[in-house]
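Novice:
Residue numbers (this note's numbering): 1199 to 1729.
#1: Consult DSSP for residue 1359 and reduce its assignment to one of helix, strand or coil.
#2: Can you grab the Cα-Cα spacing for the pair residue 1265 / residue 1444, in whole Å?
#3: If we count Cβ pairs, one from each stretch, closer than 8 Å, do we get three or more for the segment 1418 to 1433 versus the segment 1386 to 1393?
#4: Please check the pair residue 1656 and residue 1525, which I expect to be a contact at CB under 8 Å, by giving their CB distance rounded to whole angstroms.
#5: If you run the structure through DSSP and keep just helix, strand and coil, what is residue 1231?
#6: Report the residue from 1585, 1310 and 1458 whose alpha carbon sits nearest the alpha carbon of residue 1634.
#7: Hey, would you say residue 1326 sits closer than 7 Å to residue 1355, going by beta carbons?
#8: Count the other C-beta atoms from every protein chain shown that fall within 10 angstroms of the C-beta of residue 1306, then say buried if there are 16 or more, exposed otherwise.
#9: Are residue 1361 and residue 1465 touching if we call contact CB-CB under 7 Å?
#10: Which of helix, strand or coil does DSSP assign to residue 1458?
#11: Taking residue 1493 as part of the alpha helix (DSSP H), name the residues at either end of that continuous run.
#12: Could you tell me which of 1427, 1504, 1429 and 1383 sits nearest to residue 1470, measuring between CA atoms?
#13: Using DSSP bridges, identify the partner residues of residue 1730.
#14: Measuring alpha carbon to alpha carbon, tell me which of 1486, 1604, 1476 and 1590 ends up nearest residue 1321.
#15: Here's the rule: buried if 16 or more other CB atoms are within 10 angstroms of the residue's CB, otherwise exposed. What is residue 1539?
#16: Quick one: Cα of residue 1435 to Cα of residue 1448, how far?
#17: Run through DSSP, which three-state label would residue 1308 get?
#18: Report the option in 1480, 1504, 1403 and 1599 whose CA atom is closest to the CA atom of residue 1730.
#19: In chain order, which beta strand (DSSP E) runs of at least 3 residues are fully inside the segment 1365 to 1445?
#20: Taking 8 Å as the cut-off, does the segment 1341 to 1353 touch the segment 1391 to 1404 (at least 3 CB pairs, one atom from each stretch)?
#21: Using CA coordinates, which residue listed in 1379, 1340, 1330 and 1450 is at the minimum distance from residue 1493?
#22: Rounded to whole angstroms, what is the Cα-Cα separation between residue 1642 and residue 1411?
#23: Could you give the DSSP three-state label for residue 1278: helix, strand or coil?
#24: Check this for me: beta carbons of residue 1675 and residue 1603, under 7 Å apart or not?
#25: Let me check understanding here. Comparing Cα to Cα, which of 1340, 1376, 1484 and 1473 lies closest to residue 1368?
#26: Taking the beta strand (DSSP E) that residue 1616 falls in, what are its first and last residues?
#27: With 16 other CB atoms within 10 Å as the buried threshold, where does residue 1323 fall?
#28: Enumerate, from N- to C-terminal direction, the unbroken beta strand (DSSP E) stretches of 3 or more residues contained entirely within the segment 1315 to 1358.
#29: Using CA atoms only, rank isn't needed, just tell me which of 1570, 1425 and 1589 is closest to residue 1637.
#30: Which term fits residue 1427, buried or exposed, when burial requires 16 or more other beta carbons within 10 angstroms of its beta carbon?
#31: Following the continuous beta strand (DSSP E) through residue 1524, name the residue where it begins and the one where it ends.
#32: Suppose contacts are defined by Cβ-Cβ distances below 7 Å. Is residue 1413 in contact with residue 1374 by that definition?
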């Protein structure tokens, strides 16, 4: 089954994206391979856009950057997994298994997590705490604080069984380098030999090395100096894939499947195998996993998503930070804006335990209004910081009995506290103070007592550790469900009108060439992205 480049057929504009639609068709049981469409949907997985015309919504696939041309993205369907470059997908005569939300990232498999916020303590629960050597210094980082190394300084994390990764693995971190000429970023090995077991190196480009130098994968783009770059590397021997990502985008893949060796050496952050190869620069938020994260999980780490509760049958955090919640006072699951949602009666709530990674939206005690951030419905929507030190209220009233997308951002560097309705900026307040912290949970569906709980349905809750742009907020507001009637069948796979006739946008299951997979192709304008 073939599909041609549709760049010339773009028909309309949506949130900074050119868009067009097509329907994939072919013989029953056919496979689809597409490698050259110019498009982008953002890095976090499935997105659903409101479309005018016959089709209420269409499935969009998550893609990966074209290694040959960084301005192009490969098309791939996205059913229940992310597929990579040149993937082939079975689109035979059957109803595929559709996900109901972004998979996000997961904290599962983290063997070491060093936020580097004033200490080299391991926050993964595995006790892989590090010590500072040769006097690195604490500075402002990408997220909170970070560690600045001069080329000889480093973090020494003693050897442990959890760091002896013989199979699948992921390394993720933020780097702000001042020199990238063969400098070590992370190294599990001795300081007397380059024969470590795994390493992340800056050598003009980022390099992920396994088993000495038995297998290397280089990024395709150069590492920029004096700017923050997110680097992630994964190894999946079962798939014979060793990959490297820059800023959440897959840059390169090599074939390798050997077991990774083990040793008794420490894991070093900021160093290769001698002080001649230490990196001068700042390092932040270092993570090591004993599994290969998916492309969507890598993208979530790179894009500042610190809490994401899809609320599709659970209050599990899909951001990769493990901020899982519990239900209190019996909220119920109902059909949501996207998949399922939580319905609250005014006393029920979701309780997410305290975590240092949260600090953008709402957090406080159930005994005092002096929380550190809050989103409140008081005829209008209100975004509150530091108790009530600074409030910004929407200009429009919140409508009852209808879905409204609310977003609030805070950028102290710009002294801007903003609130948005349905992707449109409503109001801005001037504020620049640091947001306080506390040890209280984050509550969804509740203010500071059951008298102030909201009777409503809530869906797709996200928290970022950065202020999203207006375009990014608009893109999030445009996410819509493909199942408008809530019966579990995507709209374009059913007789929506119930008239027994195959109308425009519906699939004719009696026609072997009508396979029903409809795709919205998009490409960015002015480098706009979905967070």
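Glycine included, every Cβ here is placed at the ideal spot set by N, Cα and C.
Specialist: With the given structure in hand:
#1: Walking along the chain shown from the start, residue 1359 turns up at place 161. Helix, per DSSP.
#2: By one-based count along the chain shown, residue 1265 stands at place 67. By one-based count along the chain shown, residue 1444 stands at place 246. For residue 1265, the pLDDT reaches just 30, beneath the cut-off of 50, and the residue's location in the model is therefore unreliable, leaving the point undetermined.
#3: no
#4: For this step, residue 1656 is matched to residue 458 along the chain shown. For this step, residue 1525 is matched to residue 327 along the chain shown. Not a contact, Cβ separation roughly 12 Å.
#5: In the chain shown, the residue the question calls residue 1231 occupies position 33. For residue 1231, the predicted structure reports a pLDDT of 32, less than 50, and the residue's modelled location is therefore unreliable. The matter cannot be settled from this model.
#6: Counted from its first residue, the chain shown places residue 1634 at position 436. It is 1585 whose Cα lies nearest to the Cα of residue 1634.
#7: Here the question's residue 1326 lines up with position 128 in the chain shown. Here the question's residue 1355 lines up with position 157 in the chain shown. Yes, these two residues count as a Cβ contact at 7 Å.
#8: What you label residue 1306 is simply residue 108 of the chain shown in a count that begins at 1. Label assigned to residue 1306: exposed.
#9: Position 163 of the chain shown, counting from 1, holds the residue named residue 1361. Position 267 of the chain shown, counting from 1, holds the residue named residue 1465. Yes, they are a contact pair.
#10: Here residue 1458 refers to the residue found at position 260 of the chain shown. It is coil, neither helix nor strand.
#11: Taking the first residue of the chain shown as position 1, residue 1493 is located at position 295. Element bounds for residue 1493: 1493 to 1500.
#12: Here residue 1470 is taken as the residue at index 272 of the chain shown, counted from 1. Checking every option, the nearest Cα to that of residue 1470 belongs to 1383.
#13: Beyond the ends of the chain as shown, which are 1199 and 1729, falls residue 1730; an answer cannot be given.
#14: Mapped onto the chain shown, residue 1321 falls at position 123. Among 1486, 1604, 1476 and 1590, the Cα nearest to that of residue 1321 is on 1486.
#15: Translated into positions along the chain shown, residue 1539 becomes position 341. Residue 1539 is buried by the Cβ-count criterion.
#16: The count along the chain shown starts at 1 and reaches residue 1435 at position 237. The count along the chain shown starts at 1 and reaches residue 1448 at position 250. For residue 1435 and residue 1448, the distance between alpha carbons rounds to 17 Å.
#17: As a working mapping, residue 1308 is identified with position 110 in the chain shown. Residue state, collapsed to three classes: strand.
#18: Lying outside 1199 to 1729, the shown extent of the chain, residue 1730 is not represented and no answer is given.
#19: 1367 to 1375, 1381 to 1386, 1396 to 1401, 1403 to 1408, 1413 to 1420, 1427 to 1434 and 1439 to 1444
#20: no
#21: Indexing the chain shown from 1 puts residue 1493 at position 295. The shortest C-alpha separation from residue 1493 is found at 1450.
#22: By 1-based counting over the chain shown, the position of residue 1642 is 444. By 1-based counting over the chain shown, the position of residue 1411 is 213. Each residue's alpha carbon lies about 49 Å from the other.
#23: For the purposes of this step, residue 1278 is taken as residue 80 along the chain shown, with counting starting at 1. Low per-residue confidence applies at residue 1278: pLDDT is 25, beneath 50, and the placement is therefore not dependable, though the value from the model is reported in the following sentence. Residue state, collapsed to three classes: coil.
#24: Numbered from 1 along the chain shown, position 477 holds the residue referred to as residue 1675. Numbered from 1 along the chain shown, position 405 holds the residue referred to as residue 1603. Yes.
#25: The residue you call residue 1368 lines up with position 170 of the chain shown. Out of 1340, 1376, 1484 and 1473, 1484 has the C-alpha closest to the C-alpha of residue 1368.
#26: Walking along the chain shown from the start, residue 1616 turns up at place 418. 1614 to 1619 is the span of the beta strand (DSSP E), which, as asked, contains residue 1616.
#27: To locate residue 1323, count along the chain shown from 1; it is residue 125. Flag for residue 1323 reads exposed.
#28: 1329 to 1331, 1335 to 1338, 1343 to 1348 and 1352 to 1355
#29: Start at 1 with the first residue of the chain shown, and residue 1637 comes out as number 439. For residue 1637, the nearest C-alpha among the options comes from 1570.
#30: Translated into the one-based positions of the chain shown, residue 1427 becomes position 229. Label assigned to residue 1427: buried.
#31: By one-based count along the chain shown, residue 1524 stands at place 326. Here the beta strand (DSSP E) through residue 1524 covers 1524 to 1526.
#32: Here the question's residue 1413 lines up with position 215 in the chain shown. Here the question's residue 1374 lines up with position 176 in the chain shown. Not a contact, by the Cβ cut-off of 7 Å.
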